[in-house]
């Protein structure tokens with residue numbers, strides 16, 4: 006597979022065929038920047054991170070148990 010084929014597979018919502026090649030600031034970086042700015046402006050406030058991945062704490066035990074139960078099903 007050529008790079009152009011792979012590059013063409015990126016969805017427009019992610020950045021399209023120019024993803025990673027342009028100097029545009031993508032949505033996930035915008036979220037990170039907004040979070041940093043909010044934390045700086047309101048250091049005592051609890052901020053819910055709606056970004057992708059990077060959880061800042063463990064999932065509730067009920068969630069982990071349900072995931073385990075569902076993963077064991079054939």
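In the numbering used here, the protein residues as written are 6 to 79.
A virtual CB, placed ideally from N, CA and C, is assigned to each residue, including glycine.
Keep in mind that this is a model prediction, so the values were computed, not measured.
| Query | Result |
| --- | --- |
| Reduced DSSP secondary structure (H/G/I, E/B, other) of residue 62 | coil |
| Short Cβ contact (8 Å threshold) for residue 43 with residue 52 | yes |
| Unbroken alpha helix (DSSP H) run spanning residue 41, endpoints | 32-46 |
| Beta-carbon separation (whole angstroms), residue 40 vs residue 54, contact threshold 8 Å | 6 Å |
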